[in-house]
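Chain order of the listed sequences is F and U.
Numbering of the first sequence is given in this note's numbering, commencing with residue 1 and proceeding in unit increments.
Numbering of the second sequence is given in this note's numbering, commencing with residue 227 and proceeding in unit increments.
Protein chains: 2
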Amino acid sequence: MVALGSLERSTSSDIVFDKLFGQITRLELLPGTKISETDVAKTFGFSRQPVREAFSRLANLNLLLVRPQRATVVRPFSRKLIAHARFVRAAVELEVVRSAALDRDRSVDAALKANLREQAQAVSAEDVSRFHELDYDFHKLLCASAKQEFAFEIIAENKAQVDRLCMLALTSKEAMVVLYEDHQKLLEALFGSDAASADEVLRVHLDRLTPTIDAIYTTHNAYFDD
Amino acid sequence: MVALGSLERSTSSDIVFDKLFGQITRLELLPGTKISETDVAKTFGFSRQPVREAFSRLANLNLLLVRPQRATVVRPFSRKLIAHARFVRAAVELEVVRSAALDRDRSVDAALKANLREQAQAVSAEDVSRFHELDYDFHKLLCASAKQEFAFEIIAENKAQVDRLCMLALTSKEAMVVLYEDHQKLLEALFGSDAASADEVLRVHLDRLTPTIDAIYTTHNAYFDD
DNA sequence: ACACGATAACTTGCATACTAGTCAACATAT
DNA sequence: ATATGTTGACTAGTATGCAAGTTATCGTGT
């Protein structure tokens, strides 16, 4: 699960972007942390210009907040922005699964099934990080199945906003089981060409984050804007 | 219908962005047109840096294509990119209208009705540009009705890609009538809290562009990449 | 006349320097 | 001691110059 795009040609700006993107989404850089173009440029050994461009891109993803003549900070969580990101992510992925249910690329079926089996193993082994990896791939495979691979870029962009928040939540085995079962039901609906059912299952699946987010809002209120 | 965002604080970069965005989407700059940072900087009287930033933002919207060490061109149309943009736009707006059908902000009802009435007048008067304005506002009001104003930003981003292409198509009175009737049906579904019907009407509505786009692909093939 | 090679004129990416604006600390006055 | 004004250390936005690479033009040789 590497940064968005994983560009082929690597400019200085790309290097800075990838590094910071990772640090922010993995929460190694906490929300509210001040971060200056000059400092980052020094640590990378680049000039300010490529760093600036990377900042600009990260700001577009709502991961940085550039305040002219003041400072740039790792963007604090915002319930509003999180809601927006979840809305878009859900909208796109719902259309993906509906589309896949109606006309999917069957050559992806095997990969989906294999992924699901591995999920079961990860759940048994209580291997949370492996489960997260598989979850990431699973949703990516859904896009492939719908023949809309590009859609995962949109999903990933919006996931990033939520993922870094969920780094603060522990994933219990029970939670993993629930998510796994959702995935299972989703595949059943997909393979059964049942768009309505796939829609409903995915809605429930994506809504499961709500209580987690609410909980983090109270336990880590200092990281929030609103 | 001003450029995306209509930022409050106007930097040099913003000025360049807004200007170029308008020229590209209005097709005053044709797909494939070469455009260099230096030239643009000269005409605006700015340095290359703010222009460069504007280019970067336009490239993110797939309106420019920056080819390092070669040149930057107004991005040619691409059926693939157009399909992607339409997919995302449809996904988001479908979720918007479903959401509005289930729980809308009734204080927007009046504006929607008023807009629809004005559309009828524009159709009668065969005032195409006025109709396009109203159409833009109508879809924006839909987002407001769903209490998801932000969603229109996503829609507008993806519309831009398609809109500039549709500048090449004439809108006949008959076509306007059809679009108007779609809008009418959509509002009926919305006010009747009929999400399924709203979904279906919007799907048909957004699909009406397909033959237009196909036609332009043949008549203006030189502007296309693929 | 035509093919081919060198060169000059472009392009964007990066580095450095300067400007305008904000904020915090400190000194001064009450 | 507290309030206030000034100064200095920061910030991002902008300007300019250089480096690396591509393209097109022009000249040369056949």
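Where a beta carbon is used, it is the ideal one built from N, C-alpha and C, also for glycine.
In this text, all values refer to a predicted model and were calculated from it rather than measured experimentally.
Could you list the residues in the stretch 183–194 of chain F with a C-beta less than 8 Å from some C-beta on chain U, going in chain order?
none
Buried or exposed, going by whether 16 or more other CB atoms sit within 10 Å of the CB of D240 (chain U)?
buried
Which residue marks the beginning of the beta strand (DSSP E) containing A372 (chain U), and which one marks its end?
Note, A372 (chain U): premise wrong, no beta strand (DSSP E); not H, not E.
Put F450 (chain U) into one of helix, strand or coil per three-state DSSP.
strand
Separation of L394 (chain U) from H431 (chain U), as counted between CA atoms:
19 Å
Across the stretch 21–33 of chain F and the stretch 162–176 of chain F, are there enough close Cβ pairs to call them in contact, namely three or more that are closer than 8 Å?
yes
If we count the other Cβ atoms within 10 Å of its Cβ and call it buried at 16 or more, is K399 (chain U) buried or exposed?
exposed
Where L4 (chain F) and Q347 (chain U) are concerned, what is the direct C-alpha to C-alpha distance, given to the nearest angstrom?
Legend: pLDDT at L4 (chain F) = 46, less than 50; position of this residue unreliable, value from coordinates given subsequently. Near 47 Å, if we compare the C-alpha coordinates of Q347 (chain U) and L4 (chain F).
For a contact meaning CB atoms closer than 8 Å, what does Q121 (chain F) contact in chain U?
The contacting residues do not exist; Q121 (chain F) stays about 33 Å from chain U at best.
In the DSSP assignment, find the alpha helix (DSSP H) that holds V404 (chain U) and state where it starts and stops.
K399 to F417
Nonlocal neighbours in the same chain, by C-beta distance under 7 Å from A41 (chain F), ignoring five residues either side:
S47, R48 and V51
Give the range of the beta strand (DSSP E) segment to which T298 (chain U) is assigned.
A297 to V300
Does DSSP put F21 (chain F) in a helix, a strand or coil?
helix
Neighbourhood of R429 (chain U) by C-beta, 8 Å cutoff - its chain only, sequence neighbours within 5 removed
A316 and L320
What residue from U:A370, U:T397 and U:A448 has the CA that sits closest to V349 (chain U)'s CA?
U:T397
With C-beta atoms as the reference, is I310 (chain F) less than 9 Å away from F87 (chain F)?
Chain F is shown only over 1 to 226; residue 310 (chain F) falls outside these bounds and no answer can be derived.
In chain order, what residues of the same chain have a beta carbon less than 6 Å from the beta carbon of L289 (chain U), not counting five sequence neighbours either side?
I250 and R301
Only counting runs of 4 or more residues, tell me where the alpha helix (DSSP H) segments fall wholly within the stretch 47–106 of chain F, in order along the chain.
48–60 and 79–102
Mind checking the stretch 141–175 of chain F against chain U and listing, in chain order, the residues whose C-beta falls within less than 8 Å of any C-beta there?
Q148, F150, A151 and I154
P437 (chain U): first and last residue of the uninterrupted alpha helix (DSSP H) it sits in:
L435 to T445
In chain order, what residues of the same chain lie with their CB nearer than 7 Å to the CB of A424 (chain U), ignoring the 5 residues before and after it?
V323, R324, A327, L412, A415 and L416
Spatial distance of D440 (chain U) from T11 (chain F) (CA atoms):
37 Å
Within chain F, the residues that A316 (chain U) reaches when beta carbons sit closer than 8 Å:
E95
For chain F, check one thing: does any of its Cβ atoms lie closer than 9 Å to the Cβ of R330 (chain U)?
no
Does any CB atom of chain U fall closer than 9 Å to the CB of F77 (chain F)?
no
My assumption, with CB atoms under 8 Å, is that F243 (chain U) sits in contact with L307 (chain U). Please give the rounded CB distance.
About 20 Å; that fails the 8 Å criterion.
Since K34 (chain F) sits in a beta bridge, which residues does DSSP pair it with?
F:V73
Cα-Cα separation between R208 (chain F) and L405 (chain U), rounded to whole angstroms
38 Å
Given this structure, state the Cα-to-Cα distance separating L27 (chain F) from V73 (chain F), to the nearest angstrom.
13 Å
Other residues of its chain near A222 (chain F): CB distance less than 8 Å, five sequence neighbours each side excluded:
G32
Ends of the alpha helix (DSSP H) at V123 (chain F)?
D109 to S124
Under a three-way DSSP split, which group does R252 (chain U) fall into?
coil
Please list the residues of the stretch 39–57 of chain F that have a C-beta atom closer than 9 Å to any C-beta atom in chain U, keeping them in chain order.
Q49, R52, E53, S56 and R57
Among F:E37, F:D103 and F:N60, which one has its Cα closest to the Cα of A71 (chain F)?
F:E37
Can you check which of these residues, F:V66, F:F224, F:A83 and F:D103, is closest to G192 (chain F) by C-alpha distance?
F:D103
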